[in-house]
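Just so you know, the sequences run in chain order A and P. Take the first sequence: its position 199, counting from 1, is numbered 199 in the working numbering, and each next residue is one higher. Take the second sequence: its position 329, counting from 1, is numbered 329 in the working numbering, and each next residue is one higher.
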Amino acid sequence: MQCRFCLCAILSSPLFWYFAASPVVAQQTTPELLELRGKVVNSVTGEPVSGALVQAPGQKAQFTGPDGTFAFSDLQPGDYLLSARKPGFFDGLEPQRLGATQLSAVGQNEQVILKLTPEAIIYGELKSDDGHPLEGLIVRALHWQVQNGERQLIPAGSVVTDDQGSFRLAQLSRGRYYLSFQSSNIGSWSNSSRLRSKKHEQQGYGLQFYPGVPDAESATTIEIRAGAQVHVAQSLGPLRLFDVAGVVQGAAPESGFDVALINPTGETAQNGFHMDSKTGQFQIMGVPAGTYLLRATANRRPALRSTGSGLLRLADEDRPPLIATLPLHIQGDVSGLVVVLGSGISVGVQVRDEILDNAVANKVHQVSLQLTPQEFPASSSWITVPTAPGDRRAQTRFDGLVPGTYTVSANPHGPWYISSLRCGGVDLLRDDLTLAPGVAPPPIEITVRDDGSQLNVKTMESGQPSASGVVLFSREYPKRSQLFRSTNSLSVGNLAPGKYYVIALRGAENAEYRNPAAMQRYLTHATEVTLGPRAEASVTAEVQEPVDGLQ
Amino acid sequence: MTALLLFLELFSTLGQASPQPQTRAQAAYRIGGVVVDDITNAPVARAQVSISLGGEQTNTVAGDDGRFAFEGLAAGKYVLSAAAPGYLHEGFKQHGGFFVGIATGKDQDSEHLIFRLHPEAVIYGRVTNERGEAVRAAQVALFSSDPMKGSGERFVSSQVQTNDLGEYRFAHLNAGKYYLAVQARPWYAQSQLSSQTRQNSGFGGSAAGSFAVSGISVDSDPILDVAYPITFYPGVTDEQASAALILNAGDKEEANITLQAVPAARLHVRVSPADAGTSFGVGASQRVFGTFTSVLNLVFGQVAPGEYEVAGLPPGELSLVLTTNRENEWTSRSIEADTRSEGVIDASALQATANVSGRILLPGGDPGAIAGNVHLANTATTTLPPATVPLRKDGTFSFPEIQPGTYKVQVNLSSNDCYIQHVSAKEAKVSGRAITIAAGSEVDLTVTLGQGRGHVTGIVQSEGKPASGVMVLLVPESGLEMEEDSRMDESDSDGTFNLAGILPGEYVLMAIEDGWDLEWAKPEVLRAYLSAGQKIAIAASQSIKVTVTAQEKPGRAERSRNSVL
């Protein structure tokens, strides 16, 4: 696919490799200038990695030789942070980056060893039941990732099968993956007034999972270690596909509306679409059986219009667009749906700003608020409150919600913290929000303050500094818990005052840090700290190994 | 017949064969024949065959002998297509976007069709670098000529990215001549800017302006300050030296390409003081084969007040697009640059623009009744959108601040039937429907519209009988605007053809057997056929029916194969 034209500095972002870095002290070869030798190895096999790029600040970069070695000479005494990289390698789940204060004794004789973790690859062929290669199916590798403390199934990579049905997914880190196969005939979108009448039963590949089942619950995971190359040969049979039809009410005929059918992992599986903006009728074709969220949105009028000589200007729009959502369980053709834009449950948001500090008080203190339906974790809604002055398009409340349970999370956009998050009698820092049918809920009230505290954490293992992830867990307000990636020294500001358990956890990226049941087992060995407003504290935490269930 | 409805939907339904006939009153006709391999002449067993009329489609599967039949059909003109694994999915006797429609009815023989399927060709290979490593995520573009354009120009027909092994693959290809171009960035490339400024209000300065430099001025490491030039098969960086891959039907051709890293180039751009301090963006691209714009990776930043450095570029000629954003207004400017020339590119001097204003004329009509936009599309740089202004109610328009250059005048009107008949301008050079504007000029543009396009239908005959599969070509007699104003079709099974949307004027109509490979947009090629063509004058909204005799391509000893046994 063609790279799009970017308007800002394009620094090559090495998406498929990371750094393995460690500081070393150069060895003495002559009294003044030193030499630094080392080797880059594959962290799984121990074999040397040739052609890796090794860099030390202020020195010319080098590629390692066939034996994986490198040498920097004529160095001044001091600390050097070395890094190595090569396509096809990661640093694994924990970067070995150590702080500059981490020093070994002067005069060590060993070679420096830099480890790179090889990528894993899943490759294979997709065939139809009668042996023909299946071209044009989207193959995705999905894994559980924790976002905002909640587990979600997220794609780690996707690729389309070629004319031989072959696919290759590279740059995978070790873990457990689901493979999904989706027909890419998202095809015909049409705005015709003549909606198609169905002649005979439709069949298609829809969305299926390895080893050939129609949903994620019955799917089998593929477990891969670092550097593994796993081959999958899969035959797929067609699924019965259905049509979903109905009418959307409340959209302006000239701008029209948009309808999407999304499954719990956020994918759209239909293969065709008819819409008539004049009558509001829509027809979604080729949908496999399953659970979906239907979301209809009124189209905005175009935001940018050209005036001449390539000038573009923002157009004015008076209010945010209307939406409506509807959960559907599809087992057969569905017709006669009525989707009323602007219907559904609305939840307003009120912000109480208790920030007193003058330097900060002049700005608008924004917080982004996310509402995630439990049944459809990939279909979150976000708003940013309070809205910037003059921004008439911004949402000030959540609209078009269906009854159900939602997780609410709030993230401040600056040096302030959320001191309270409530909806009526429900404390959203502790519990989820349940919306009952036909009941208008009270607004969500957020209070922001800036008298937060600072916490400095050093992670240790048997008396030595050791890098690991850090969870700041609040038992009283679990939704206030935070997760920090691997480090050995951490400084967090703007923390809400209260009691925290500091848990140093190896491989914490997939910890369900907002789930008290998941964190319970680590509390005994965690470091407790209670912070008052505008306080500063420094603690150490002993690194714990994750108990089964985390990657 | 033209393939207006691409048959994407044709085989998306995988149900059983359902040759349900359309039962209408006099539904008594058949379409039938045999599907064969164009090279071996062997039947293609179990090919999927479809016919379509007015959006209604019927599918069937050929037998093991390749034979197929559709029964109980009403009289009409059907789209016939077939597909089988290993073969192209084609319409009957398809050439580019045209194929032969099947006419059923009295006196039509639609039951003895030989449907020749062409085995598909494949081009595949690996992209490696000078270090012998596979290059991931390289963009590989496949170029071929488009028979419908008749100009021999090469256009991108497909693009893919290499995988982790550096492999790429293009499948479902017709026989023909292909070219490959690869664009990638070395994975280890890092280009540093020579210095970066930081605003420091405490720093006074002379009139020349002094500035604070933050950090150490880092010289780029020559090992890392590299780029890959766009590289063509078989591994050259000069597009004139690129070699064609000549494919016959069914060929599987391997084409590997090695990229060589070269020192990256850098450019300095000076902008006007008015632009400095606003949000600023730079993009760069290179033209490939004159038709394709390949976007380049780069690094840029401000190195002195009003001066930007762009680094990490491959050497050679390229187009820079500078974009400034001031109070939500974006302005884009395009500058041609050559990295091998010395000196600073002075973008501030390029502020000299021209103003273009004018009116539309509609003889015999009220120009005020037409609503729509007028566009000026820059013919040199395709990365800039065309300048667009709306038509005012009195039929006038004006473009402020147009950069000098050559532009095609286009209109986008509420009434589809209107077209540009004539363009004239004061203070600009006019050629056909294009104008060339110089800096600082005040251009007065008059666009004369016409209303009512013409229509030519008819029959192609050969030796007194209707001839199918013949290329029908209508070209302007003046030879101007060949690409835009010519019309083409392929005669159907009953010899009929249909040319629509024709701008009124004088044309020459030709029917050329097997003319699909001709570069007919070149006058020297077309000359041979013009004399045997028919002169036709088309007035606004006029429909004409003609009979035209097929010409043979000189030098073709054998007749092209008939569709009728």
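Cβ coordinates follow ideal geometry from the N, Cα and C atoms, glycine included.
Around the CB of residue 523/A, fewer than 16 other CB atoms lie within 10 Å, so the residue is classed as exposed. It is roughly 17 Å from the alpha-carbon of residue 455/A to the alpha-carbon of residue 465/A. If you check the CB distance, residue 340/A and residue 371/A do not come in under 7 Å. Beta-bridge analysis with DSSP links residue 86/A to no other residue.
Assigned with DSSP and collapsed to three states, residue 527/P falls in helix. For the C-beta of residue 127/A, not a single chain P residue is nearer than 7 Å; the gap to the nearest is close to 11 Å.
Taking C-beta separations shorter than 7 Å and ignoring five residues to either side along the sequence, the partners of residue 136/A in its chain run 160, 161 and 184, following chain order.
Residue 444/P is outside the set of residues whose beta carbon lies under 7 Å from a beta carbon in chain A.
Counting the other Cβ atoms within 10 Å of the Cβ of residue 539/A gives fewer than 16, which makes it exposed.
Against residue 172/P, the close residues of chain A are 163, in the order they occur along the chain (beta-carbon pairs closer than 8 Å). The C-beta of residue 61/A comes closer than 7 Å to at least one C-beta of chain P.
Secondary structure note for residue 516/A: its alpha helix (DSSP H) is the uninterrupted segment 516-519. A direct Cα-to-Cα measurement between residue 193/P and residue 70/A gives close to 27 Å. Taken in chain order, the members of the segment 76-105 of chain P whose beta-carbon sits within less than 7 Å of a beta-carbon on chain A are 85. Taking the C-beta atoms as reference points, residue 257/A is found nearer than 7 Å to residue 298/A. Looking only at 364/A, 255/A, 515/A and 293/A, the smallest Cα-Cα distance to residue 321/A is reached by 255/A.
The C-alpha of residue 139/P is placed about 6 Å away from the C-alpha of residue 160/P.
DSSP places residue 307/P in the strand class (E or B) of the three-state scheme. The secondary-structure analysis by DSSP pairs residue 373/A across a beta bridge with 406/A.
Assigned with DSSP and collapsed to three states, residue 480/A falls in helix. In this structure, residue 437/A sits near residue 403/A, with a CB-CB distance shorter than 7 Å.
Contacts between residue 224/P and chain A, judged by CB atoms closer than 7 Å, involve 61 in chain order. For the segment 179-194 of chain P, the set of residues with a beta-carbon nearer than 8 Å to any beta-carbon of chain A comprises 185, 187, 188, 189 and 190, in chain order.
With a contact defined as Cβ atoms closer than 8 Å, residue 509/P and residue 533/P qualify at about 6 Å. As computed with DSSP, residue 373/P is found in a beta bridge with 390/P and 412/P.
Within chain A, the residues whose beta carbon sits less than 7 Å from that of residue 133/P are 51, listed in sequence order.
Three or more Cβ pairs closer than 8 Å define a contact, and the segment 501-512 of chain A falls short of that threshold against the segment 420-438 of chain A. Put simply, the CB of residue 168/A is near chain P, with a gap under 7 Å to one of its CB atoms. If you ignore the 5 residues before and after residue 449/A, its C-beta comes within less than 7 Å of the C-beta of 354, 355, 416, 417 and 419, all in its own chain and listed in chain order. Secondary structure within the segment 466-522 of chain P: the alpha helix (DSSP H) runs of 4 or more consecutive residues, fully enclosed, are 482-485 (chain order). Contacts with chain A (Cβ-Cβ distance below 9 Å) from the segment 489-500 of chain P involve no residue at all. Taken through DSSP and simplified to helix, strand or coil, residue 511/A comes out as coil. Within the same chain, Cβ atoms closer than 6 Å to the Cβ of residue 411/A are found at 368, the five residues on either side in sequence being excluded. With a threshold of 7 Å between beta carbons, residue 163/P makes contact with chain A.
Within the segment 230-285 of chain A, the beta strand (DSSP E) runs of at least 3 residues that lie entirely inside it are, in chain order, 239-249, 257-262 and 272-275.
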